[in-house]
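Input: a single structure, listed below in structure tokens.
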């Protein structure tokens, strides 16, 4: 038995010593362009392509747009220079100060010394954009903040700057090849036709976002499905025809619910003490009584009466707001107002307007004795309307890409940002969140536009789509090498 065990041991030992294992070496894929050519990339789009962040276009934001990052990553696979219409401004232009003359710069996070609340505020002085003095014929980035599909196609976007021309956009006029005659798409197509080999196309967001950002208060600026389809076909078709050999990546439209702009101000953002609540309630007794009377007459339902009844309490309250979707009772002397509820989405700009005396009149306090205007709130019906548009527009974008699938690839930014909202995106263990709060917040301080770190993630999303479509191996960027939002100041 001992000998058997001895032989068995020797056999097993022999088997182990005789076997050799060739572990596979780690395959390092060399950068390659695959079936695409990235020698000269052209990018056309809106603020997302331009690099607009923190409510302004400024040098750091422009240099960290996804288009610039993507072009940098293309260098190892033959990518060439990528020229932008330099804004040459440290703080950019957010808007004018209350005096109507002083330019204010980009937004930063500040701490209110009285309340301790953190929120956006201009950094200080800004600079009104000036004309681009570089070589317009050498430009690669044709991203123009605020542009819709329509304004990307018409010459009025570049001028003249007169009240009769609402399409005028100074951020295009400053680098338009021929202001008042050229178009954004025309300029981009000309650049692509002049030796261009690849392009990115990201337009369409402002065809619905502009409507939503204004609280869905101006239906005239919401693009119809038919017009969207026609304008998308013309804009994208112009780019494809500019160079029949060029390929392109087309991005779609993010959902509204991922934008902090619609999520930072709570529906019950109005704090009142018991004494103030009781005093204000007295002012609404007649209104509430009128609702009860009309409900008794069958002119409104009990559910609407309950929805419209205004009652404040000590603590956090819904604010009084206008609602055009309520039954019109103005003939009975009752305005179309109610208190906000948890289905409403106040926009970020309400944070500085709520509780403020309107026109300096202390008797007219916004949200208490004066209803919050439609432009400050998205009701549930308006949210559904906007989301329905985004769904329809994205379907049209997907169909347009599919119709030229040999030359185009879809970049699903919408799905990516939904993953961000669900906490499923990170780089090196550092998450990306649908927030403006540093260090992980992926949106700039304006609550709408991605910050530089998020732009790096988006550039990688483009790279994933391009690599998969054309067998390329464009190396990815490191999002953690790009800045997020600065820490709050003040307090």
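In our numbering, the protein residues as written are 175 to 665. From the three backbone atoms N, C-alpha and C, an ideal C-beta is built for every residue, glycine too.
Whole angstroms are fine: how far does the CA of residue j sit from the CA of residue i?
i, j, result
"residue 497", "residue 383", "20 Å"
"residue 662", "residue 620", "14 Å"
"residue 398", "residue 487", "43 Å"
"residue 345", "residue 634", "27 Å"
"residue 543", "residue 232", "40 Å"
"residue 564", "residue 330", "26 Å"
"residue 196", "residue 226", "Unreliable placement is indicated for residue 196, whose pLDDT of 44 sits below 50; the coordinate value is still reported in the next sentence. Approximately 52 Å between the Cα atoms of the pair."
"residue 209", "residue 392", "46 Å"
"residue 292", "residue 628", "21 Å"
"residue 276", "residue 230", "15 Å"
"residue 237", "residue 298", "21 Å"
"residue 536", "residue 376", "46 Å"
"residue 567", "residue 466", "43 Å"
"residue 587", "residue 622", "14 Å"
"residue 577", "residue 406", "12 Å"
"residue 472", "residue 479", "11 Å"
"residue 133", "residue 410", "Coverage of the chain is limited to positions 175 through 665, which leaves residue 133 absent and any answer about it impossible."
"residue 199", "residue 651", "Legend: pLDDT at residue 199 = 49, less than 50; position of this residue unreliable, value from coordinates given subsequently. C-alpha separation (whole angstroms): 24 Å."
"residue 213", "residue 303", "31 Å"
"residue 602", "residue 654", "8 Å"
What first and last residue would you give for the beta strand (DSSP E) that runs through residue i?
i, result
"residue 376", "372–376"
"residue 512", "511–513"
"residue 315", "315–317"
"residue 344", "Run containing residue 344: none in the beta strand (DSSP E); it sits in the alpha helix (DSSP H), 344–347."
"residue 422", "421–425"
"residue 282", "281–285"
"residue 584", "582–585"
"residue 470", "Not the beta strand (DSSP E): residue 470 falls in the alpha helix (DSSP H), residues 459–470."
"residue 292", "292–296"
Who are the near neighbours of residue i in its chain, counting only those whose CB is closer than 6 Å to its CB and skipping five residues on each side?
i, result
"residue 211", "371"
"residue 257", "312, 313, 314"
"residue 269", "278"
"residue 416", "363, 366, 367"
"residue 446", "486, 491"
Between residue i and the rest of its own chain, which residues show a CB-CB distance below 7 Å, the 5 nearest in sequence each way excluded?
i, result
"residue 451", "486, 487, 488"
"residue 649", "205, 247, 250"
"residue 453", "none"
"residue 318", "220, 224, 343, 345, 346, 358"
"residue 423", "374, 583, 585, 636, 639, 640"
"residue 349", "259, 306, 310, 313"
"residue 403", "570"
"residue 333", "342, 347, 353, 354"
"residue 328", "341, 357"
Does the distance from the C-beta atom of residue i to that of residue j stay below 9 Å?
i, j, result
"residue 408", "residue 359", "yes"
"residue 438", "residue 378", "no"
"residue 441", "residue 518", "yes"
"residue 551", "residue 521", "yes"
"residue 272", "residue 284", "no"
"residue 538", "residue 527", "no"
"residue 305", "residue 252", "no"
"residue 626", "residue 234", "yes"
"residue 279", "residue 265", "yes"
"residue 389", "residue 556", "yes"
"residue 316", "residue 245", "no"
"residue 351", "residue 364", "yes"
"residue 362", "residue 581", "no"
"residue 510", "residue 546", "no"
"residue 436", "residue 464", "no"
"residue 395", "residue 385", "yes"
"residue 611", "residue 624", "no"
I'd like the span of the alpha helix (DSSP H) that includes residue i, first residue to last.
i, result
"residue 642", "626–644"
"residue 245", "240–248"
"residue 221", "221–224"
"residue 382", "380–387"
"residue 367", "358–367"
"residue 575", "554–577"
"residue 233", "233–237"
Going by DSSP, which residues form a beta bridge with residue i?
i, result
"residue 489", "446"
"residue 400", "In the DSSP output, where bridge partners are listed per residue, residue 400 has none listed."
"residue 607", "615"
"residue 650", "None, per the DSSP bridge assignment."
"residue 230", "227"
Contact criterion: CB-CB distance below 9 Å. Does residue i meet it with respect to chain D?
i, result
"residue 323", "Within the model displayed, chain D is absent; a lone protein chain is all it includes."
Excluding the 5 residues flanking residue i on each side, which residues of the same chain have their C-beta closer than 8 Å to its C-beta?
i, result
"residue 184", "Legend: pLDDT at residue 184 = 29, less than 50; position of this residue unreliable, no value from coordinates given."
"residue 607", "594, 597, 614, 615, 616"
"residue 432", "591, 592, 594, 595, 608"
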